[in-house]
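Here is the structure we will look at, set down as structure tokens.
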Amino acid sequence: MATTLRRLSRVLGWWLVMCIASLPVWGILFGLWPDEDTSIADLSRLLAYQGLGLSLSQSMFSALFSSLVSLYLAFLIYSQYQSHSKVGGPWLEKYLSPLLSLPHLAIALGLVFLFSESGVFFVNGDIGLPRKGLSTFIMAIIIKEVPFFLLILIAVGRQLPLHGWLLQGRALGYDISTSWWLLVFPNMLKQMRLALLAASAYTLSVVDMNLLVGPNIPELFAVSVYRWQGSFSEGDQALGFWANVLLLVLLAVSIIFLYCHEKLAIKVLQHWTVLGRRIRLGFVDTLGQVWLPASGLLILLMVLVFTLWSLGFNWRSDTFSLRNLNTHLWQDEWLFVALPLQNALLIGVSAAILGIMFTLLALELQRQKGRYLPDYIWLLGILLPQLSMVLGWQVSHIWLEGGYHSGWVVFAHFPFTFGYAYLVLKGPFQSIDANYELIAASFGYSPWQRWWKIRFRLLFPATLSAFAITFAVSIAQYIPTLMIGAGRVTTITTEAVAIGTGSQQDVAALYILLQSLLPLAAFLITALLSSRVAGPKHSTLEISRC
Amino acid sequence: MLSIKNCLIDSETWQIRFPDMQLDPDDLLVIIGPSGIGKSTLLHWLLGNQPKHVNISGQVLIDDQDVSQLAVENRHIGLLMQDVFLFPHLSVEDNISFALPKSPDLNSKKQRRTKAHSMLEQINLEHLGKRYPQSLSGGERSRVGLVRALANQPKVMLLDEPFAALDPSNREKIGKWTFQQLAQQAIPSIMVTHDLKDIPIFAKQLNLADYYQSKETP
């Protein structure tokens with residue numbers, strides 16, 4: 050009886066986790082199901098759309114350029130910090146936490162507040178970043194993606210004998226920088242495929258950042274897709290359908306491009322390796338050393354500027370004085386901001402806990418089976434374009450006549466928190482020595498007791514990190530919240546985008562500041578808790594991209 | 405020729421004053437001693453890879469030239485460890501090509517690969533040239549590791565328990581072959597080992613424990 054029950058619960062567990070893992074695919078498939086008649090004529094209408102070519106090429110360029118630049122920069126930083134091992138490793142991870150906790154939106158708007166033509170550093174000037182433009186968009190993406198790639202490099206680096214390779218490289222007469230690029234990079238690049246794909250899929254389909262700082266004429270393709278999908282005008286739904294198909298084609302092209310890039314990069318480096326060429330990067334090496342401190346400083350400046358704006362300080366008209374600061378805006382806006390904050394908190398905590406719970410279930414089931422499925426199966430939520438996925442969920446949600454409440458929004462955030470939780474927890478979960486549980490078994494503990502008292506206990510610090518990261522991921526979700534909540538469930542992020550696209554800088558600063566404070570608070574609290582809990586310290590946060 | 409002078413390994417609780425030493429081209433010095441006494445640490449210091457847990461001071465001279473202040477890559481000292489760290493993204497031939505020094509007659513990819521191939525041929529391992537490290541056996545890996553190290557034309561060779569991962573039959577065979585290669589190329593070598601069976605008869609021996617001094621008062 051007990052065996053049958055155990056087998057049944059295992060089957061049910063597999064069924065559940067496979068349903069969750071396949072939600073993104075269902076989203077894409079449902080999204081590709083046209084809800085009105087479409088024809089090739091509609092496709093021709095889309096292809097003839099004014100500015101489409103430029104919009105598509107700019108979208109592709111921004112996705113590939115920002116992902117690749119972020120990867121190369123991250124590797125440069127990683128190699129520099131690891132070469133100076135006194136400050137590498139865990140130190141690097143701790144340093145990255147605040148960089149990771151700041152949402153994309155905050156970085157985008159922070160860049161505008163600081164460096165746009167009317168920003169702090171260019172007040173009344175006509176130089177600086179455009180308020181809305183491709184360069185601002187790409188720069189914000191790069192600043193945010195570099196820490197994401199760095200954390201994946203740290204996780205990948207732990208599994209490779211870097212020290213041995215580098216030592217051999219140096220013993221054979223190569224300097225440390227050449228050894229990193231010729232011996233380590235080709236091996237790491239192969240393992241960065243999914244991360245590169247996730248980053249480029251994100252940039253291809255991100256809407257909130259585009260609305261805030263992306264170019265206007267023409268707008269990037271994701272914004273057009275979103276507009277057509279949500280439009281009630283005749284024919285726009287058909288355009289939305291074909292645009293969605295085109296978005297998937299763009300993703301396929303980016304996969305091919307990234308694959309070719311990988312092959313080419315490895316080929317070139319291999320050619321140099323055989324020739325025994327030395328790589329001199331000169332000033333670029335210095336960039337690797339200064340990037341993180343500079344990003345840290347930049348983020349501090351952003352938070353400071355948001356705070357000052359929200360306290361009534363106007364850069365363009367005021368001279369700095371503490372007497373000019375007041376809390377009027379905070380008091381006036383609190384009435385409007387309280388509910389979105391509360392919603393964001395509730396949805397974030399629920400989605401994060403759900404994501405972690407089901408990740409642990411997926412990992413445990415695979416462990417029991419003795420075989421782990423390929424990562425991409427579990428990470429589809431972050432590898433496929435969000436816009437196409439969420440459209441399918443929206444169609445299913447309407448079809449199921451689901452109501453507009455926080456529960457559905459939690460459900461829409463769940464595949465993303467699940468994906469990130471899996472990325473963070475897989476390494477620590479696999480690294481726990483099975484002998485611990487074997488010893489507990491010899492003391493008479495049941496399988497469930499062993500799991501709870503030993504495995505989960507050892508995994509607890511990593512779980513706390515996973516919570517901080519998935520909470521930040523949920524807080525930053527815009528499209529799933531808006532499309533599934535249909536505007537009736539507002540969070541601090543949906544409000545921040547709505548206000549950020551307007552012209553009230555002070556209110557925008559207040560909302561973005563609040564949006565940033567939530568994940569930052571989660572990171573700080575979990576870091577504090579983590580430091581008080583014994584466990585494998587190496588299993589701290591590994592990957593996040595909010 | 406390798407000379408080591410005034411070498412002091414200093415930790416918080418103990419120190420080892422290593423005797424001044426001179427190794428001629430065909431000399432092999434084998435360092436033995438209990439685990440944790442600093443055998444591998446000493447090798448890494450000689451290589452130029454400064455250890456973090458102890459302070460080591462002293463002078464390392466190669467052909468009467470002081471290399472103590474030089475970085476690892478400028479010392480011309482080869483290193484062979486238990487794991488030979490063949491680079492997994494390169495074929496055996498390319499692993500060796502990577503190690504070949506720069507010279508006018510080794511300028512093109514083709515020349516370097518041909519040279520690597522001929523080095524493998526000399527020891528009847530040419531059939532491994534196109535293979536990748538993952539597909540090699542432990543013994544093959546050790547031999548390719550040594551060929552790669554020798555391809556770099558080191559002036560000194562350091563061997564850190566190079567045969568520890570091999571099974572007993574391979575261990576003896578590859579050990580003999582390794583010392584033969586080193587002797588043929590007249591490279592002064594230092595080997596660290598736990599296993600007395602690894603030590604060839606002609607080697608000089610030094611037990612690090614004989615120079616160990618505790619700093620703790622009883």
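Residue numbers (my numbering), protein chains in the order written: chain V, 50 to 595; chain Y, 405 to 622.
Here a beta-carbon is modelled for each residue, glycine too, at the ideal position from N, C-alpha and C.
Note that the coordinates shown come from a computational prediction; the quantities given were computed from them, not determined experimentally.
Less than 8 Å between the C-beta atoms of residue i and residue j, yes or no?
i, j, result
"V:L474", "V:A521", "no"
"Y:I481", "V:A220", "yes"
"V:Y471", "V:L428", "yes"
"V:Q564", "V:I524", "yes"
"Y:L465", "Y:V560", "no"
"V:I396", "V:V458", "yes"
"V:L295", "V:P434", "no"
"Y:S495", "Y:K456", "no"
"V:S106", "V:I187", "no"
"V:V169", "V:V354", "yes"
"Y:L490", "Y:V548", "yes"
"V:A545", "V:T466", "no"
"V:V333", "V:L566", "no"
"Y:K409", "Y:L612", "no"
"V:M241", "V:I201", "yes"
"Y:M595", "Y:L563", "yes"
"V:L313", "V:L246", "no"
"V:L154", "V:T543", "no"
Would you say residue i faces chain V, with C-beta separation under 8 Å as the test?
i, result
"Y:K506", "yes"
"Y:S501", "yes"
"Y:P604", "no"
"Y:I481", "yes"
"Y:P455", "no"
"Y:V476", "yes"
"Y:P429", "no"
"Y:L532", "no"
"Y:R535", "no"
"Y:D494", "The question names Asp, yet the displayed sequence has Leu at residue 494 of chain Y. It does; some Cβ of chain V falls within 8 Å."
"Y:D467", "no"
"Y:D498", "yes"
"Y:K513", "yes"
Taking DSSP as the reference, what is the three-state secondary structure of residue i?
i, result
"Y:L446", "helix"
"V:M241", "coil"
"Y:S618", "strand"
"V:Q286", "helix"
"Y:K519", "helix"
"Y:D414", "strand"
"Y:R552", "helix"
"Y:F422", "strand"
"V:S115", "helix"
"V:S495", "coil"
"Y:N611", "strand"
"V:M438", "helix"
"V:L507", "helix"
"V:V546", "helix"
Measure from the C-beta of residue i to each C-beta in chain Y and report whether the shortest distance is under 8 Å.
i, result
"V:S593", "Residue placement at V:S593 is poorly supported in this model, since its pLDDT is 35, which falls under 50; the coordinates still yield a value, given next. No, its Cβ sits nowhere closer than 8 Å to a Cβ of chain Y."
"V:Q217", "yes"
"V:P568", "no"
"V:P210", "yes"
Using a Cβ-Cβ distance cut-off of 8 Å, determine whether residue i contacts chain C.
i, result
"V:W214", "The structure shown has no chain C; the protein chains it does contain are V and Y."
Compute the minimum distance between the beta carbon of residue i and the heavy atoms of the ligand ADP, and state whether it is under 7 Å.
i, result
"V:L513", "Although the ligand ADP was asked about, the structure shown includes no ligands whatsoever."
> Does the pairing of the region 524 to 533 of chain V with the region 336 to 343 of chain V give three or more beta-carbon distances under 8 Å?
Replying inline: no
>> Closer than 8 Å is the cut-off here; do at least three beta carbon pairs connect the region 54 to 67 of chain V with the region 405 to 417 of chain V?
In response: yes
> Is there contact between the region 341 to 354 of chain V and the region 147 to 164 of chain V, where contact requires at least three CB pairs shorter than 8 Å?
Replying inline: yes
> Counting pairs of Cβ atoms below 8 Å between the region 451 to 458 of chain Y and the region 523 to 530 of chain Y, do you hit three or more?
Replying inline: no
> Relative to chain Y, which residues along the region 294 to 327 of chain V have a C-beta separation below 8 Å, given in chain order?
Replying inline: I315, Q319, H320, T322, V323, L324 and G325
>> Along the region 538 to 569 of chain Y, where does the CB come closer than 7 Å to a CB of chain V? Name the residues.
In response: N556
> Is the region 323 to 333 of chain V in contact with the region 221 to 234 of chain V, if contact means three or more CB pairs nearer than 8 Å?
Replying inline: yes
> Within the chosen definition, does the region 441 to 461 of chain V reach the region 256 to 267 of chain V through at least 3 CB pairs nearer than 8 Å?
Replying inline: no
> Would you call the region 579 to 595 of chain Y and the region 505 to 521 of chain Y in contact, with 3 or more CB pairs under 8 Å?
Replying inline: no
> Between the region 219 to 252 of chain V and chain Y, which residues of the former have a C-beta closer than 7 Å to a C-beta of the latter?
Replying inline: R219, A220, L221, G222, Y223, D224, L232, P235 and N236
>> Three Cβ pairs or more, each shorter than 8 Å: is that satisfied between the region 426 to 439 of chain Y and the region 606 to 613 of chain Y?
In response: yes
>> If the cut-off is 7 Å on Cβ atoms, which residues from the region 569 to 594 of chain Y count as contacting chain V, listed in chain order?
In response: none
> If you pair each beta-carbon of the region 285 to 293 of chain V with each one of the region 447 to 456 of chain V, do three or more pairs fall below 8 Å?
Replying inline: no
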